Ligand SMILES: Nc1ncnc2c1ncn2[C@@H]1O[C@H](COP(=O)(O)OP(=O)(O)O)[C@@H](O)[C@H]1O
Ligand SMILES: [Mg+2]
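Residue numbers (my numbering), protein chains in the order written: chain P, 15 to 323; chain C, 23 to 276.
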């Protein structure tokens, strides 16, 4: 079963701007899914529509087979939303915020109190439950929004850039929390523009740019399709100019280092042989880890070119 | 069942909000109206003869109570719903399966409760100055509740359209307060020159104040049935308009 299914979704804002140009998306139940795209690509618009905060111009959305238009209440009960911007009442306490949200979902008081405790504990906020939420740190505020989104035990949790602007340590602990939630059976959709985040967390991925889905596949398959690996080479002697080697994309990073794009079919041995011919001695090399980034840039460049023609 | 819980959650949240900030919400009306009673009712009123058989103090008590109810039920909903919108926690309601009428009813009830509390505070203060035997208790309660409802709804609509904090101050300062003062809180319309009497009758607040005065001390310038018809008509219209705005997502959805 699909946790989320989107067909031909478009959105034209009141000012006439078309943020979504007809997107299709399928996310299987149980998946950990990344919706990746640069700023302004249409991620938040898509999530806004899924969460009933933005009205779609046309197209269909179903959540666990409930049509978002025709069976809105059932669909809503399946979804938990963690928005990009802080949107709780900062004068209330975390416990109050989570309890109110449970009330809006129609949960009886006793059960709400129990669920709020579970969620706040899971997000490591139980000690802070009675603090004014305005005083929480940035990472805690985001976790509070996750606790609030989970209080009605949604089958699908949607997080819009949950780790934007939080430091690396908090980001990692949030990753663990999200993975734990996913292991317990909740489908997770995450938007991000951190590629590393998508790569290390998600099984399936869609890339969105200028309101269009430009890629929709599983992460492993996508990475396997990368045909160029990037390496940074440290050199024994300084270089005056960038060497040219046909078939390789070479950039000079400094006098002593080069960034080389190595096509898979060419391989490293051949590269070293060609460099030796030019008297360039390599001392050491490292793999540039953000492979996905390159792919991402390629995809985005290619959509730009399509747009230009 | 679900809607009942959601409704209760909104009302409790609303009441907690204004009781938490009681120095801003419950204390000022107590102070201002105590001054009204002292200055207009006592100091000046003692030199003014009775109006329609009531002492001046008795005459102004109903209007001052109702004027406080009007401004506070309005203020509660307009500022609460506007800041809910402004700080975006309206989204908590929109993502959940809460029907629009429950959102409206919840906020309006919050405004009514604030109106009731302020009304009771002001009535208690009036007891320091005069004693009133309620003439028509049911009419008093009905006019009180209907007026609070009407202005809570009006505050809701103001909040829906408001795009800045200025927008939530304009109507109370430039419409509600003048209409209340000109609605016969301090005088009987029969004291006005002819043309102004006619103009005053176009002011809906005049009918509510007089109906309330009728309920409390059995004195009125207008027909009570007309007053109920006008108030009821406004309530129906404002309710339907609010639901329409929510349905369209005006001011809250893109
Ligand atoms: N309310 C709005 N009115 C007009 N344009 C909007 C509105 N919200 C977003 N946009 C535009 O729609 C595009 C997509 O925005 P968004 O979905 O927020 O992107 P993302 O979340 O991927 O950064 C952007 O160009 C943005 O400027
Ligand atoms: Mg966004």
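Glycine included, every Cβ here is placed at the ideal spot set by N, Cα and C.
All figures in this text were calculated on a predicted structure; none of them were measured in a lab.
- Of the residues C:264, C:270, C:275, C:27, the one whose Cα lies closest to the Cα of residue 124 (chain P) is C:27.
- Here residue 253 (chain C) carries a helix assignment [DSSP, helix/strand/coil].
- In the three-state scheme derived from DSSP, where H, G and I count as helix and E and B as strand, residue 298 (chain P) is classed as strand.
- Contact check for residue 143 (chain P) against residue 134 (chain P) passes: the beta carbons are separated by less than 7 Å.
- Spanning the alpha carbons of residue 80 (chain P) and residue 17 (chain P) requires a straight line of approximately 10 Å.
- With fewer than 16 other Cβ atoms inside 10 Å of its own Cβ, residue 260 (chain P) counts as exposed.
- Between residue 29 (chain C) and residue 127 (chain C), the CB-CB gap stays under 7 Å.
- Under the three-state reduction of DSSP output, residue 43 (chain C) falls in the coil class, being neither helix nor strand.
- Under the Cβ criterion (8 Å, minimum of three pairs), the region 34-53 of chain P counts as touching the region 217-227 of chain P.
- Listed along the chain, the chain P residues whose CB falls inside 9 Å of the CB of residue 185 (chain C) amount to none; the nearest CB is some 14 Å away.
- About 5 Å separates the beta carbons of residue 93 (chain P) and residue 170 (chain P), which is inside the 8 Å limit, making them a contact pair.
- Taking each of C:158, C:134, C:228, C:215 in turn and checking the Cα distance to residue 99 (chain C), the smallest one comes out for C:134.
- A Cβ of chain C is located within less than 7 Å of the beta carbon of residue 95 (chain P).
- Each of P:27, P:29, P:31, P:33, P:51, P:53, P:54, P:55, P:56, P:57, P:58, P:59, C:276 has a C-beta closer than 6 Å to some heavy atom of ligand 1; these make up the full list, in chain order.
- With fewer than 16 other beta carbons inside 10 angstroms of its own, residue 142 (chain C) counts as exposed.
- In this structure, the CA atom of residue 155 (chain C) is about 7 Å from the CA atom of residue 239 (chain C).
- In the pairwise beta carbon analysis, the region 19-26 of chain P is classified as touching the region 69-78 of chain P: at least three pairs are separated by under 8 Å.
- The beta-carbon of residue 80 (chain P) is placed no less than 7 Å from the nearest beta-carbon of chain C.
- Annotation for residue 99 (chain C): the continuous alpha helix (DSSP H) segment containing it runs 78-108.
- Around the Cβ of residue 69 (chain C), a 10 Å sphere holds fewer than 16 other Cβ atoms; the residue is exposed.
- Our two residues, residue 57 (chain C) and residue 118 (chain P), have alpha carbons roughly 42 Å apart in a direct line.
- Listed along chain C are 119, each with a C-beta nearer than 8 Å to that of residue 87 (chain P).
- Burial check for residue 213 (chain C): the Cβ neighbour count within 10 Å stays below 16, so the residue is exposed.
- Within the same chain, and ignoring the five residues on either side of residue 252 (chain C) in sequence, the residues whose Cβ sits closer than 6 Å to its Cβ are 226, 229.
- Around the beta-carbon of residue 110 (chain P), 16 or more other beta-carbon atoms lie within 10 Å, marking it buried.
- Close to residue 121 (chain P), with beta-carbon spacing below 9 Å, are these residues of chain C in chain order: 24, 27.
- Residues are counted here when their Cβ sits less than 7 Å from a Cβ of chain P; for the region 41-75 of chain C the count is zero.
- Taking the C-beta atoms as reference points, residue 78 (chain C) is found no nearer than 7 Å to residue 85 (chain C).
- Straight-line measurement puts the Cα of residue 44 (chain C) at about 18 Å from the Cα of residue 87 (chain C).
- When the beta-carbon positions are compared, residue 264 (chain P) and residue 276 (chain P) stay at least 7 Å from each other.
- Within its own chain, the residues whose Cβ lies closer than 7 Å to the Cβ of residue 74 (chain C), once the five positions on either side in sequence are excluded, are 210, 241, listed in chain order.
- At the C-beta level, residue 189 (chain P) and residue 215 (chain P) come within 7 Å of one another.
- Taking 9 Å as the upper bound on Cβ-Cβ separation, chain C lies near no residue of the region 134-161 of chain P.
- Using a Cβ distance threshold of 7 Å, residue 132 (chain C) and residue 33 (chain C) count as a contacting pair.
- Residue-level contact by beta carbon holds for residue 116 (chain C) and chain P, with a gap shorter than 7 Å.
- Within the region 152-181 of chain C, contact with chain P at the beta-carbon level (separation under 8 Å) is assigned to no residue.
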